[in-house]
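Before any comments, here is the structure.
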Amino acid sequence: MNPGPSARLGLVAVGAASAVLLSACGGPGTSSEPSGEAAEGYPVTVETLFGDVEIADRPQNVAALGWSDAETALALGVQPVGVADWQGYGGAGVGPWAADLLDSEPTQLGTMEPNIEAIASLEPDVILDTRSDNSQERHDLLSPVAPVVGPPPEVEVTYGTTWQQQTRQVAQVVGEEERGEELVTELEGRFEELRAENAGFADLTIAVGAYFDGQYGAYVPGDTRVDVLTELGFEYKPELVEMADGAFYTDLSSELVEELDADLTLVFPIGDADTAAFLDEDPVLQGIPSAEAGRLLVLDDPELVNAFSSGSTLGIHHALDEIVPLIQETLED
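In our numbering, the protein residues as written are 10 to 342.
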């Protein structure tokens, strides 16, 4: 599994060869001209962090570069021609909960280092980058190829676009706003039902941690994983939010792992499949009060971790099927 975006990583620009290629290909600018009469409802203007983007006609070739943009497009009935495989699925580049919706395998386009040559070769009508690092550098790298729909203007945390915002943003681009609202309403309704069935969650604090490459860390609100749990009713531990200082994630030294203590602590491994077994035995993690009290939940199923991390309506539905019973079981012990 790809560790995905982290506060320690930044965008590495593609080399000069990409710029030469784009210049030679005469890549499109920030808006596309309609060929003939535009589809009903077009053109549309999409508000983004980098200004308004005009989509002149219903896109035919959609490149999905942002975290879970591909799964969101598929949920809306749109086949992306290229995808960014943020979680290292391989093959189709989307989770198994979305792969069956693909008619054919899309082109892999890179994640934090987008493959500009591959993107340009697809001649996209639009590039979706709605959940990204929010950097002007990334936007400027992509915008010579096609109109880039980045995060909504109100998104402040990197990779902090909510699943509701992403669904609505992509739906507007592809002309499926009615279907987008159906997807949002359906998942929000499921969260409401789960909160009603588990009213006790609202009285509990929660902390979400990860272990990657020998380092613990904590996610905070603004990250899709934490948002799923707070939408179930949990209150997030405020001390961790302060430590993150505006980011979605903060590294934790061994001395600070105890900050993950809460009424419920949820931790998952990133990468090596053997890491989950390590977490079950690690004296540092197992020594925090919530672990000693039996209130530590280690997610050891890679598919569940990926679904939990996906941030798409499809992935969240899949994650809720398994994670809610696991939480209930942990709190009952």
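Glycine included, each C-beta is placed from N, C-alpha and C at the ideal position.
Q | Own chain partners of Ile64 with C-beta closer than 7 Å, once the 5 adjacent residues on each side are dropped | A | Answer for Ile64: Tyr51, Pro52, Val53, Val55, Val135, Pro156 and Val182, listed in chain order.
Q.
My parser needs the alpha helix (DSSP H) runs of 4 or more residues fully inside the stretch 107-180; what are they?
A. Qualifying alpha helix (DSSP H) stretches, in chain order: 125-130 and 145-151.
Q.
Quick check on the burial criterion: 16 or more other C-beta atoms within 10 angstroms. Buried or exposed for Glu195?
A. exposed
Q | Pairwise C-alpha distance: Gln96 and Ser44 | A | Legend: pLDDT at Ser44 = 49, less than 50; position of this residue unreliable, value from coordinates given subsequently. For Ser44 and Gln96, the distance between alpha carbons rounds to 37 Å.
Q. Based on Cα-Cα distance, which residue from Thr339, Leu340, Gly320 and Ile332 lies nearest to Ala79?
A. Gly320
Q. Using the rule of at least 16 other Cβ atoms within 10 Å of the residue's Cβ for burial, across every protein chain shown, is Gln145 buried or exposed?
A. exposed
Q.
Within a Cβ cutoff of 6 Å, which residues of the same chain sit near Gly91, ignoring the five residues on either side of it in sequence?
A. Ala72, Pro115, Thr116, Leu118 and Leu131
Q. Comparing alpha-carbon positions, which option in Ala93, Pro133, Asn143 and Gly99 lies nearest Glu122?
A. Closest in C-alpha terms to Glu122, from the list Ala93, Pro133, Asn143 and Gly99, comes Ala93.
Q.
Contact between the stretch 312-326 and the stretch 232-251 is defined here as three or more beta-carbon pairs at a separation below 8 Å; is this criterion met?
A. Taking one beta carbon from each stretch, the stretch 312-326 and the stretch 232-251 have 3 or more pairs nearer than 8 Å; the two touch.
(Q) So, with DSSP's three-state summary, where would you put Asp277? (A) With the sequence shown as reference, residue 277 is identified as Phe, and Asp is not the correct amino acid for it. Phe277: strand per DSSP, three-state reduction.
(Q) Would Ala205 and Leu249 qualify as a contact pair, given that the criterion is a beta-carbon distance under 8 Å? (A) no
Q. Which two residues bound the contiguous alpha helix (DSSP H) that contains Phe221?
A. From DSSP, Phe221 is part of no alpha helix (DSSP H) but of the beta strand (DSSP E) over Thr214 to Phe221.
Q: Give the DSSP bridge partners of Thr339, in chain order.
A: BP columns for Thr339 are empty, so no partner.
Q. Where Leu340 and Glu49 are concerned, what is the direct C-alpha to C-alpha distance, given to the nearest angstrom?
A. 51 Å
Q.
Can you tell me whether Ala328 is buried or exposed? The criterion is at least 16 other CB atoms within 10 Å of its CB, across all chains shown.
A. buried
**Q.** Candidates Ile279, Trp76 and Ala227: closest to Ala256 by CA position
**A.** Ala227
Q) Does DSSP classify Leu85 as helix, strand or coil? A) coil
**Q.** Sub-8 Å separation of Glu185 and Gly324 beta-carbons
**A.** no
(Q) Are the CB atoms of Pro161 and Asn143 within a distance shorter than 8 Å? (A) In this structure, Asn143 lies away from Pro161, with their beta-carbon atoms at least 8 Å apart.
Q: Output yes or no for whether 8 Å exceeds the beta carbon distance between Asp272 and Thr214.
A: yes
Q: Answer with buried or exposed for Asp330, where buried requires no fewer than 16 other C-beta atoms within 10 angstroms of its C-beta.
A: exposed
(Q) Quick check on Ala302: buried or exposed, where buried means 16 or more other Cβ atoms within 10 Å of its Cβ? (A) Exposed.
Q) Are Leu83 and Leu111 touching if we call contact CB-CB under 8 Å? A) The criterion of a C-beta distance shorter than 8 Å is satisfied by Leu83 and Leu111.
**Q.** Test item: CB-CB of Val276 and Gly218 under 8 Å
**A.** yes
Q: State yes or no: is the C-beta of Val164 within less than 8 Å of the C-beta of Val62?
A: no
(Q) Looking only at its chain, what residues have a beta carbon closer than 6 Å to the beta carbon of Ile128, apart from the 5 residues adjacent to it on each side? (A) Ala72, Leu118 and Val154
Q: Quick one: measure Cβ to Cβ for Val266 and Tyr225, integer angstroms, because I've assumed they're closer than 8 Å.
A: 5 Å
Q.
Classify Ser113: buried if its beta carbon has 16 or more other beta carbons within 10 angstroms, exposed otherwise.
A. By the neighbour-count rule (16 or more Cβ atoms within 10 Å), Ser113 is not buried but exposed.
(Q) I'd like the span of the alpha helix (DSSP H) that includes Asp289, first residue to last. (A) Thr284 to Glu290
Q. Are the beta-carbon atoms of Asp309 and Ala285 separated by less than 8 Å?
A. yes
Q) In three-state terms, what does DSSP make of Asp232? A) strand
Q | Beta-carbon proximity of Thr344 to Leu192, cut-off 8 Å | A | Coverage of the chain is limited to positions 10 through 342, which leaves residue 344 absent and any answer about it impossible.
Q: Out of Ser141, Ile279, Arg147 and His148, point me to the one whose CA is closest to Trp172's CA.
A: Ser141
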